[in-house]
Amino acid sequence: MTLAFCNDLRARLWSGLAILTLDLGGVERVSTDALLLIRAIVLEAPTSVRGNLPRAPIVAAKIKASGFFSGFTKPPEDLPQPEGLMHSGYERLVVNTLAAGMVKFAQDNVSMSHNQASASYQTLMEVMSNTHHHAKRREEGGHEGDAARWFAMVYCKDGVAHFTAVDLGVGILKSTSTLEYLRLLGTRVALYGSTIILADAFTGKMGSSTKEPGRGEGLPRMFEDAKAHLPTMKVLTSSTIGEIASLKFRRIGVGFRGTMFRWSVGAEATES
């Protein structure tokens with residue numbers, strides 16, 4: 237499943253339909269990133285979703301194990317045990333017990349250092365906080381509404397714990413902090429460059445839009461944790477993606493309205 241598929245699904249769910257039927261029968265491979273993003277899109281939209289699971293048994297087993305598509309029709313044969321183990325959560329608030337639970341789940345299933353566990357917990361807390369304070373939900377009609385939900389998942393397989401966290405807010409490049417920063421510089425995203433803006437945000441040059449003590453430190457703290465303990469951490473926001481530890485960002489051809497973080501611990505990062 238691709239980002240383009242998720243964008244199309246998002247548009248269809250806000251098209252005014254009461255019910256959308258989602259045919260996953262031909263899906264032969266799905267990442268936990270895509271599963272979490274689809275869950276976020278489905279839960280935030282006003283349209284009810286039904287459908288069928290993939291015909292490929294192992295893929296159907298993975299999707300069913302996520303718990304997001306429990307009501308979907310599964311293939312007629314018995315499904316095998318899913319590859320890997322998943323634990324997830326979502327909220328609008330900062331909930332330390334949910335962050336701690338996901339890290340504990342990873343610790344119970346893969347070998348990870350204390351520093352990796354601590355940095356993963358801190359990163360999840362920062363994602364929750366940033367989403368709660370900054371990632372306002374934008375309805376498809378253009379209205380900026382309440383605080384967006386954050387969605388997070390950890391997927392353990394072959395000795396690796398893959399963490400993913402996503403929100404469907406306005407995204408880092410369109411946040412209040414970014415717009416205020418660009419206003420002070422007297423420029424715009426298109427002129428300044430989205431990759432440079434992200435680097436400025438993660439290195440603390442942007443600061444806080446509220447000027448409140450302790451605010452504006454979340455992304456720089458992620459940057460420090462990525463450099464020290466979570467070198468695989470990546471971010472996707474708007475049409476820009478890249479590695480946080482190296483500040484190597486690039487634009488992609490498909491946009492994404494929101495922000496996604498992902499990182500792996502326990503071994504070298506692999507596709508989940």
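Residue 237 is where the sequence shown starts when you use the working numbering, and the numbers rise one by one after that.
Glycine included, C-beta positions come from ideal geometry on N, C-alpha and C.
As the structure is a prediction and not an experimental result, all values here were calculated from the model.
Beta carbon of residue i nearer than 8 angstroms to that of residue j
| i | j | result |
| --- | --- | --- |
| G513 | A384 | Past the edges of the chain, shown from 237 to 508, lies residue 513, and the structure says nothing about it. |
| S302 | M322 | yes |
| P316 | A335 | no |
| F341 | V390 | yes |
| S324 | L272 | yes |
| R246 | L256 | no |
| F485 | A435 | yes |
| K441 | E319 | no |
| L455 | A437 | yes |
| R286 | F399 | no |
Range of the contiguous beta strand (DSSP E) that encloses residue i
| i | result |
| --- | --- |
| I408 | First-last for I408: undefined, no H or E at that position. |
| D259 | I255 to D259 |
| D436 | Unbroken run through D436 is the alpha helix (DSSP H), S430 to F438; no beta strand (DSSP E). |
| V390 | W386 to K393 |
Reduced DSSP secondary structure (H/G/I, E/B, other) of residue i
| i | result |
| --- | --- |
| V295 | helix |
| E362 | helix |
| E460 | helix |
| S445 | The predicted position of S445 is uncertain, since its pLDDT is 45 and thus under 50; no value can be drawn from it. |
| L483 | coil |
| G454 | helix |
| V490 | strand |
| H379 | With a pLDDT of only 47 at H379, under 50, the local geometry of the prediction cannot be trusted, and the value read off the model is given with reservation. Residue state, collapsed to three classes: coil. |
| T473 | strand |
| H398 | strand |
| V501 | strand |
| T495 | strand |
| S413 | helix |
Selection from the options that minimises the alpha carbon distance to residue i
| i | options | result |
| --- | --- | --- |
| F308 | N332, N288 and T423 | N288 |
| A481 | G491, D461 and V490 | D461 |
| L239 | S500, M496 and V501 | M496 |
| E479 | V330, G337 and S500 | S500 |
| T439 | L427, L483, A397 and M469 | L483 |
| V266 | A254, G252, R487 and R291 | R291 |
| A464 | L421, L418 and S354 | S354 |
| I274 | F304, W250, K300 and S284 | F304 |
| V330 | L427, L466 and S365 | S365 |
| I488 | S430, R424, P456 and G443 | S430 |
| Y326 | Y357, A388, N332 and V339 | A388 |
Enclosing alpha helix (DSSP H) for residue i [first to last residue]
| i | result |
| --- | --- |
| L249 | L239 to L249 |
Subject >> Minimum length 3: unbroken beta strand (DSSP E) runs contained in the segment 266–348 >> reply: 284–288 and 321–327
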